[in-house]
Amino acid sequence: MARVSSLYALGFLLLILSTLSCTTEPDAARDHLVFRYNEHSNVSSLDPAFARNPANIWPTNQLFNGLVQLDDALNVQPDIAASWTYNDSTYTYSFKLRKDVYFHEDEAFGPQRTRSVVAADFVYSFNRLIDPKIASPGRWVMNPVEEVKAVNDSTLTIKLKEAFPPFLGMLGMRYFSVVPKEAIARYQNDFRKHPVGTGPFAFKLWEENVKLVLRKNPRYFETDEQGEKLPYLEAVAITFLPDKQSEFLQFVQGKLDMVNSLDNSYKDEILTADGKLRAKYQSEVKLLKSPFLNTEYLGLFLGDTTSILQYKSLRQAINYGFDRQKMITYLRNGVGIPAEHGFIPQGLPGYNDSIGYSYNPQKALELLKQYKKESGDSQPRISIGTNSQYLDLCEYIQRELEKIGISVAIEVLTPATLRQLKSSGELDIFRASWIADYPDAENYLSLFYSKNFTPNGPNYTHFKSEAFDSIYQAALNVSDIAERKLLYKQLDAIIMQEAPVVPLYYDMALRFVSKDVEGLGINPQNFLVLKRVKKSKNSN
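If you want the working numbering, it's the position in the sequence shown, counting the first as 1, plus 84.
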């Protein structure tokens, strides 16, 4: 892969490096180290209260910290909280905070330019999430919380309304980042484009839809195993090319250090049919893979009592009627795991490989015959709503189901329209994804709890089962993960039996990374963590 040295690339790099604070004195061995990636979806806000999607989460993950963090195996680790205890009789967490964490230097703090983080900052930050004037899309994360209290500067307590075992892992979400009230007061709505946090990188400049630059935070509190201060990099530079083909070309030319995920525009260029790097890229590119906590599925709306989808036999016939393995092999170059074993994806406690649907056309025909007898409908017709990105998958399902006698129409919608119609129950069948908000299977099962009917929650299918609701509520009172895992398996088995969804595949997180880059991991939530990344001296 040729490394292109152009005046444009040099000028852009000099611009980035010229923005580095004069207070930052990088070690010579680490000078001129900039990690570059492209965000084709654009960033709408750098305020963690609005970190609702990967485009926003990735940069805010470099700018902010919370009480806890998740490692690449999704284990909860200390962050600003050095330690914690839990009282299961009062549902109260008590966190002891580090005393060496400082906010990024900013004029909002006056002449001193910064100050240390105290427990009251978390009280302020968490209460801000539920402030109607802020209108944070993350307001829901505070639903389990009864009270947040600063006992003193270094002790914070969080009392829950009732037992909710996933809560500790939820605290690793970017919504729960700590922000300073001084910066909010100074910048108000402009905090979205002038963020002040505690993270390994600090905000420097943002020309919306063009570039975003973050610089090394010289006061960052974390160190590596040898005691060296993190981060290693001097800066992070983000561009906003909307076209994925152009993004890939920039990567091939050495102008980007990473490309995230696989797109149809270049999948056959870089990967073989079985998902391996093609030979011409192997000397310059590393392929990082991880099971991704994302289930791609078709949702079947059950809120219309006159719909043919009220017949379970038809819903099950659809599940048996197409080959998920063939779909992954030929349409996604082997990237992904066929979702033949429930709605909970691989990698989470509760995943159950003894349930689900594999390709069985004979069984599908038997169920379709049963449906026709039950309903009197001899020519079942269904319609699937999707966006253009997944049209090839839906067309494959269309062809396969028509082979067994189910007529399928496909409606291609814009992503925004698809979300709106899915939420309002105006689509009989919709293609959707569920990416884990936090690493607990409860997050997936919440889609089928009857109290979560949209718009009050994520139950888009309007599935309702008294047995499911009863076990779901019981699971929330079980703190032991092994016991909770058994209940989760029971819940997923109910979902598969009743078939309000058609699981398609469990996604894979994929990163194509330059071999100049070291220390970049990958995790099942596909979070970008750059504080331990290094680049070789000849990278630029």
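We treat Cβ as the ideally placed atom computed from N, Cα and C, and that holds for glycine.
For clarity, every value in this text was computed on a predicted model and none was experimentally measured.
- Per the C-alpha coordinates, the member of Y259, Y304, K288 and P315 positioned closest to G603 is P315.
- Of the other Cβ atoms in all chains shown, 16 or more fall within 10 Å of the Cβ of I402; this residue is therefore buried.
- When beta bridges are read from the DSSP output, T323 appears opposite N122 and K295.
- Inter-segment contact for the stretch 252-259 and the stretch 126-142 is present: three or more beta-carbon pairs are separated by less than 8 Å.
- Using a 10 angstroms sphere on the CB of V235, the tally of other CB atoms stays under 16, which defines it as exposed.
- Boundaries of the alpha helix (DSSP H) around A204: A203 to L213.
- R515 has L382 as its beta-bridge partners, per DSSP.
- Beta-bridge pairing by DSSP links Q146 to no other residue.
- The C-alpha of E306 lies about 39 Å from the C-alpha of N536.
- Just so you know, the alpha carbons of V202 and N159 end up roughly 25 Å apart.
- Judged by beta-carbon spacing, K180 lies beyond the 8 Å limit of V207, meaning their Cβ atoms are not closer than that value.
- Counted as a single uninterrupted DSSP element, the alpha helix (DSSP H) harbouring N403 occupies residues K396 to Y404.
- Annotated three-state conformation of S467 is strand, per DSSP.
- In the assembly as shown, I565 is an exposed residue. Its beta-carbon has fewer than 16 other beta-carbons within 10 Å.
- In this structure L325 touches N122 by the C-beta definition: roughly 5 Å separates them, less than 8 Å.
- In terms of Cα proximity to I466, the closest of L575, Y474 and C478 is C478.
- Runs of alpha helix (DSSP H) with 4 or more residues, each lying fully within the stretch 491-558, are found at 499-507 and 526-529, listed in chain order.
- With a cut-off of 8 Å on Cβ pairs, the stretch 169-189 is not in contact with the stretch 308-323, counting fewer than three such pairs.
- Within the same chain, Y395, S397 and L398 come within 6 Å of Y455 by CB-CB distance, once the 5 residues on both sides are set aside.
- Taking a C-beta distance under 8 Å as the contact criterion, R408 and L588 qualify as a contact pair.
- Taking the C-beta atoms as reference points, V562 is found nearer than 8 Å to P249.
- As for any alpha helix (DSSP H) of minimum length 4 sitting wholly inside the stretch 403-458, the runs are 408-415, ordered along the chain.
- Contact holds between the stretch 436-452 and the stretch 406-425, because three or more Cβ pairs, one in each stretch, are under 8 Å apart.
- The stretch 246-284 contains, as complete alpha helix (DSSP H) runs of 4+ residues, the segments 251-254 and 265-271 (chain order).
- Here L147 is near F287, since their CB atoms are less than 8 Å apart.
- Contact annotation: P464 and I513 have beta-carbon atoms that are not nearer than 8 Å.
- For R483, no beta strand (DSSP E) encloses it; the enclosing alpha helix (DSSP H) starts and ends at L475 to K487.
- Assigned with DSSP and collapsed to three states, K618 falls in strand.
- In this structure, A192 lies away from A139, with their beta-carbon atoms at least 8 Å apart.
- Closest by C-alpha distance to L382, out of G469, G359 and Q329, is G469.
- In terms of Cα proximity to A577, the closest of N211, A247, I555 and S620 is I555.
- Straight across, the Cα-Cα distance linking P279 with Y443 is about 50 Å.
- With distances taken between CA atoms, A321 lies nearest to P143 out of L451, Y533, P143 and N610.
- In the three-state reduction of the DSSP assignment, L575 falls in the helix class, which pools H, G and I.
- In this structure, K619 sits near F119, with a CB-CB distance shorter than 8 Å.
- Three or more Cβ pairs closer than 8 Å define a contact, and the stretch 603-615 meets that threshold against the stretch 369-377.
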